Amino acid sequence: MTINIPEQPKRLRLMQISKLAAAPKWQLETMRALREPLFLWVTHGQGRISIGPRTRGFHPHNAIFIPAGTLHGFQAMTRVQGTAIYFGDKHGLDLPDTPLHLRLRDASQHAEVSQLVDFVQREVEGRRPKAEQAAYHQLGLLAIWLDRHQAANESENGGNLTRLNANERLTARYASLLEREFGSTLNVTDYATALGVTPTHLTRACRASCGQTALDMIQTRRLFEARRLLIETDIPVQEIARNLGFSTPSYFSRAFSQQIGQPPSSYRKKHEAKTRLTH
């Protein structure tokens, strides 16, 4: 089935981490994989970030790179500030293919990263001719910076998060495929076949890597998108159910109620009421 729902933007964009951290808890903490790389430069505050099966604290002057297709979740414990860079899915850059969490201690490193981020932001917000092209040239310098610091920080502070075992590598491949196909009617067997393993093997790998079964991951991703669509669009509930691969609207409603605690229609009305109050 061809999915017929609004896509998230896939062009280069920057967001203040304070705004990202202000999102609903379910949006931040639900483990999911993006179709594009993400770079986080934290300048103030602290929290936790989960990348695959590992959860680590982050603090000021932490640089975190998350490749496309990498399962991750985010939790802010205090007021967090900094910049998030979403690269878009057609960036054409030579970026690391494994996650990085760099804890920078040297003031010159702080200044270097801040300058690179500022240059990108200036181009994106300046809207001058060929601004996006110029911004990607600046991001190319950031890619080189990441490559240079990957090896240097690995032995010093465990900066490399990517010593993935076989289960984690399979789960990462599954998460990436799921991110592309979650709106289809594919089931665990279909995904396992596409990945060249048995459904039992895939489920065991997912549980070992992120604490969820392969089926849990499908359901979590679909219901994440359902919540977003119920809040951000006026697409009928029946159409959301159909476009997210649920066999019937009643099955969608049961699954949604079981995980979220209320039916989809009630969830939408509740958020519509909140929106009216805030305006």
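Quick note: the sequence shown, position 123, residue 123 per UniProt numbering, numbers continuous.
A virtual CB, placed ideally from N, CA and C, is assigned to each residue, including glycine.
Treat the numbers as computed from the prediction; the structure is a model and nothing was measured.
Residue j beta carbon less than 8 Å from that of residue i
i           : j    : result
L177        : G88  : no
I144        : P99  : no
E239        : F182 : no
W41         : T83  : yes
H101        : R148 : no
A63         : V113 : yes
residue 287 : L104 : Residue 287 lies beyond the stretch modelled for the chain, which goes from 1 to 279, so this question has no answer here.
A194        : L202 : no
Residue i versus residue j - alpha carbon distance
i           : j    : result
C206        : I260 : 22 Å
E168        : R32  : 14 Å
N243        : K269 : 21 Å
N157        : L146 : Confidence at N157 is low in this model, with a pLDDT of 47, below 50, so its placement is unreliable and no value can be given for it.
H137        : D118 : 13 Å
residue 298 : A175 : One cannot answer for residue 298 here, as it falls past the ends of the chain, which runs 1 to 279.
K10         : E36  : 7 Å
D94         : T78  : 33 Å
G159        : F39  : Caution is warranted here: a pLDDT of 46 is assigned to G159, below 50, making its placement in the model unreliable, and no coordinate value can be reported.
residue 281 : G52  : The structure shown does not extend to residue 281, since the chain spans only 1 to 279, so no value can be given for it.
T220        : S108 : 42 Å
R48         : P96  : 22 Å
I85         : G245 : 31 Å
H72         : P264 : 25 Å
R90         : D106 : Just to set this straight, residue 90 is Lys in the shown sequence, not Arg. Approximately 33 Å between the Cα atoms of the pair.
Where the alpha helix (DSSP H) containing residue i begins and where it ends
i    : result
H201 : P199 to C210
I218 : A214 to E232
L28  : K25 to E29
Q262 : First-last for Q262: undefined, no H or E at that position.
A166 : A166 to E181
Boundaries (first-last residue) of the beta strand (DSSP E) holding residue i
i    : result
L186 : Run containing L186: none; DSSP gives neither H nor E here.
R56  : R54 to F58
L71  : L71 to A76
L102 : L100 to R103
Simplified DSSP state of residue i, which is helix, strand or coil
i    : result
H110 : helix
L20  : helix
G158 : The predicted position of G158 is uncertain, since its pLDDT is 49 and thus under 50; a value taken from the coordinates is nonetheless stated next. The answer is coil: DSSP assigns G158 none of H, G, I, E or B.
V124 : helix
H271 : helix
S247 : coil
Q46  : coil
F119 : helix
F65  : strand
A88  : The question names Ala, but residue 88 in the sequence shown is Gly. Of the three classes helix, strand and coil, the one that applies to G88 here is coil, per DSSP.
Cβ separation of residue i and residue j, assumed to be a contact under 8 Å, to the nearest whole Å
i    : j    : result
V188 : A151 : Their Cβ separation, rounded to whole angstroms, is 38 Å, which puts V188 and A151 out of contact at 8 Å.
Q46  : H59  : 5 Å
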